[in-house]
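My numbering applies: residue 57 is where the sequence shown begins, and numbers increase by one. C-beta: ideal position from N, C-alpha, C; glycine also.
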Amino acid sequence: MKLSERILTLLSENPDGYTSGNEIAERLAVSRNAVWKAVEKLRSDGYEIDAITNKGYRIHHEPDRISAGAVMKLLPQTETPFRVTVVESISSTNDALRLRAEEGAPEGTILIAESQTSGRGRLNRSFYSPKNSGIYLSALLRPTIPAPEALSITTAAAVAAAEAIESCCGADTKIKWVNDIFANGKKIAGILTEAAINLENGRLDYAVLGIGINIFDPEDGWPAELTGIAGGALSVCPADRRGLRSRVAGTFLNLFWRYYRDLGGKPFLNAYRARSLVLGREIIVDDGVSRRRATALAIDEEFRLIVRFDGESRETALSTGEVSVRIV
Ligand code: BTN
Numbered sequence: 057m058k059l060s061e062r063i064l065t066l067l068s069e070n071p072d073g074y075t076s077g078n079e080i081a082e083r084l085a086v087s088r089n090a091v092w093k094a095v096e097k098l099r100s101d102g103y104e105i106d107a108i109t110n111k112g113y114r115i116h117h118e119p120d121r122i123s124a125g126a127v128m129k130l131l132p133q134t135e136t137p138f139r140v141t142v143v144e145s146i147s148s149t150n151d152a153l154r155l156r157a158e159e160g161a162p163e164g165t166i167l168i169a170e171s172q173t174s175g176r177g178r179l180n181r182s183f184y185s186p187k188n189s190g191i192y193l194s195a196l197l198r199p200t201i202p203a204p205e206a207l208s209i210t211t212a213a214a215v216a217a218a219e220a221i222e223s224c225c226g227a228d229t230k231i232k233w234v235n236d237i238f239a240n241g242k243k244i245a246g247i248l249t250e251a252a253i254n255l256e257n258g259r260l261d262y263a264v265l266g267i268g269i270n271i272f273d274p275e276d277g278w279p280a281e282l283t284g285i286a287g288g289a290l291s292v293c294p295a296d297r298r299g300l301r302s303r304v305a306g307t308f309l310n311l312f313w314r315y316y317r318d319l320g321g322k323p324f325l326n327a328y329r330a331r332s333l334v335l336g337r338e339i340i341v342d343d344g345v346s347r348r349r350a351t352a353l354a355i356d357e358e359f360r361l362i363v364r365f366d367g368e369s370r371e372t373a374l375s376t377g378e379v380s381v382r383i384v
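Encoded structure:
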C-alpha cells in the first residue's frame, strides 16, 4: 500500500482527534518529511486535511474514493499475499497489469482505477470508465489450469460480481452469457479475462481478470450510444454513498477468491445457471459474420451455451470465442 493510503487508514482510526506527525512517522517507520509530502499529495487528490502545529493532522473532508485499505480489509485470509493499488486514472488496468505480469508480478496483485482513458471490453469494444462512477479492477492470476478451462475464471467472476453487487447495492442481478451483469434492465458490469498461454505445456502462464462495475450513473450522464443500455447498479443514489465502491470491490474479490481456489470443482456453476438472463429466451447469435435467431436451452458443464437455431432440430453448443448473443 502507498504511504498516503497508510496515512489515511491511520487518520481514519482517530476521526475526531488529531494524530501527530511524529506518531504517524513512528508507526509507519518513515520520516516526518515523508509524512508531510504524502499529506500534500492527499490534499491535491481532494482530501481536506486539517493541520495544527503541535497537535497534528485530522481528516476534515474525505472525497468518496476507493480505498486500498478498505478493500484489503475484506479480502479473505489465504496463502495469497494480496497487493492492492488504487490509482486515479490509467489507460486500462488490464493493459497495465499485463505488463506487470510479464515482469513477474505475483498472483494476487490487484490494480484498481478511479477512471480509465482507454478501458477495453470484449470483441475490441471500449468500456466507458468515467470517474466517481464505477470500479475498474484487474486481478493478476497464475492458475495451473489447461488453457481451454480459462473460461471458468470469467464465469466464477461473473457469479462473484453478481453476488457482491446484490449484497452491497440491493440490486437484483442477472448474468448474460458469458460475461455481462445486468440489473434494472441495463448492463451494469462487464468482464474481460485475458491470458498468456505457455505453448510448451498448454497451460496458462498467467491470466488478467478485468472487471468494470458501474455503481453510480456518471456525473455527466451516459454518452448517447450507451443511454438506455448501460446503467449504474443503484437506480437511486443513496445519500451516503461513501465507501460503497470499496465495499463492492472487496466483497467481489473475497467471493471470487473462494471460487477461484476450487475452479475445477465449479462450485459456482449452478449459481451461474440460476442467474442466467438468456436461458429459455429467444436470442440472436452473432458470430461476426452472420446473425441467427435461436432459443437458449441450457448451459453445459463447460459453460457453453446450448442453443437450437431456428429451423434446425439439433442442438448446438456455443463457446465464447467471438460469439455474442442478444436477447430478442
Ligand atoms: C465487456 O463489457 O466486454 C468487458 C468490460 C471489461 C472492463 C474492465 S474495466 C477494468 C479492466 N480494464 C479494461 O480495460 N477492461 C477491464
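Contact set for residue i: own chain, Cβ-Cβ below 8 angstroms, skip 5 residues either direction
| i | result |
| --- | --- |
| residue 362 | 352, 353, 354, 355, 356, 371, 372, 373, 374 |
| residue 335 | 329, 352, 353, 354, 355 |
Check: residue i C-beta below 8 angstroms from any heavy atom of the ligand BTN
| i | result |
| --- | --- |
| residue 177 | yes |
| residue 188 | no |
| residue 229 | no |
| residue 342 | no |
| residue 382 | no |
| residue 192 | yes |
| residue 212 | no |
| residue 171 | no |
| residue 243 | yes |
| residue 156 | no |
| residue 267 | yes |
| residue 270 | no |
| residue 248 | yes |
| residue 183 | yes |
| residue 150 | yes |
| residue 174 | yes |
| residue 235 | yes |
Range of the contiguous beta strand (DSSP E) that encloses residue i
| i | result |
| --- | --- |
| residue 270 | 259 to 270 |
| residue 316 | Unbroken run through residue 316 is the alpha helix (DSSP H), 300 to 316; no beta strand (DSSP E). |
| residue 380 | 380 to 383 |
| residue 244 | 242 to 254 |
| residue 328 | Residue 328 -> not in any beta strand (DSSP E); alpha helix (DSSP H) instead, spanning 325 to 330. |
| residue 95 | Note, residue 95: premise wrong, no beta strand (DSSP E); alpha helix (DSSP H) at 88 to 100. |
| residue 177 | First-last for residue 177: undefined, no H or E at that position. |
| residue 373 | 372 to 374 |
| residue 232 | 230 to 232 |
| residue 275 | Taken as a continuous stretch (DSSP letters only), residue 275 belongs to no beta strand (DSSP E), as it is neither H nor E. |
| residue 74 | Looking at the DSSP string, residue 74 is not in any beta strand (DSSP E), and its letter there is neither H nor E. |
| residue 203 | First-last for residue 203: undefined, no H or E at that position. |
| residue 106 | 104 to 108 |
| residue 361 | 361 to 365 |
| residue 139 | 139 to 146 |
| residue 353 | 347 to 355 |
Residue i - containing alpha helix (DSSP H), residue span
| i | result |
| --- | --- |
| residue 151 | 149 to 158 |
| residue 184 | Residue 184 -> no alpha helix (DSSP H), and no H or E assigned at all. |
| residue 207 | 207 to 225 |
| residue 77 | 77 to 84 |
| residue 63 | 59 to 68 |
| residue 127 | 124 to 129 |
Same chain, Cβ closer than 6 angstroms to residue i, neighbours up to 5 away in sequence not counted
| i | result |
| --- | --- |
| residue 301 | 122, 191, 271 |
| residue 170 | 144, 187 |
| residue 359 | 207, 211 |
| residue 106 | 114, 116 |
| residue 154 | 264 |
| residue 174 | 147, 148 |
| residue 337 | 352, 383 |
Integer Cβ distance of residue i from residue j, believed to fall under 8 angstroms
| i | j | result |
| --- | --- | --- |
| residue 104 | residue 117 | 4 angstroms |
| residue 178 | residue 235 | 6 angstroms |
| residue 166 | residue 193 | 7 angstroms |
| residue 214 | residue 237 | 6 angstroms |
| residue 246 | residue 150 | Not a contact, Cβ separation roughly 12 angstroms. |
| residue 239 | residue 289 | 6 angstroms |
| residue 157 | residue 61 | Contact doesn't hold; Cβ gap of about 23 angstroms is too wide. |
Residue burial classification, residue i (beta-carbon count within 10 angstroms, cutoff 16)
| i | result |
| --- | --- |
| residue 382 | exposed |
| residue 228 | exposed |
| residue 137 | exposed |
| residue 307 | buried |
| residue 133 | exposed |
| residue 255 | exposed |
| residue 232 | buried |
| residue 340 | exposed |
| residue 108 | exposed |
| residue 75 | buried |
| residue 216 | buried |
| residue 298 | exposed |
| residue 345 | exposed |
| residue 185 | buried |
CB contact check: residue i to chain B, cutoff 9 angstroms
| i | result |
| --- | --- |
| residue 70 | Here there is only one protein chain, and chain B is not present. |
Close beta carbons around residue i, own chain, < 7 angstroms, minus the five adjacent residues each side
| i | result |
| --- | --- |
| residue 88 | 77, 78, 81 |
| residue 152 | 146, 167 |
| residue 90 | 59 |
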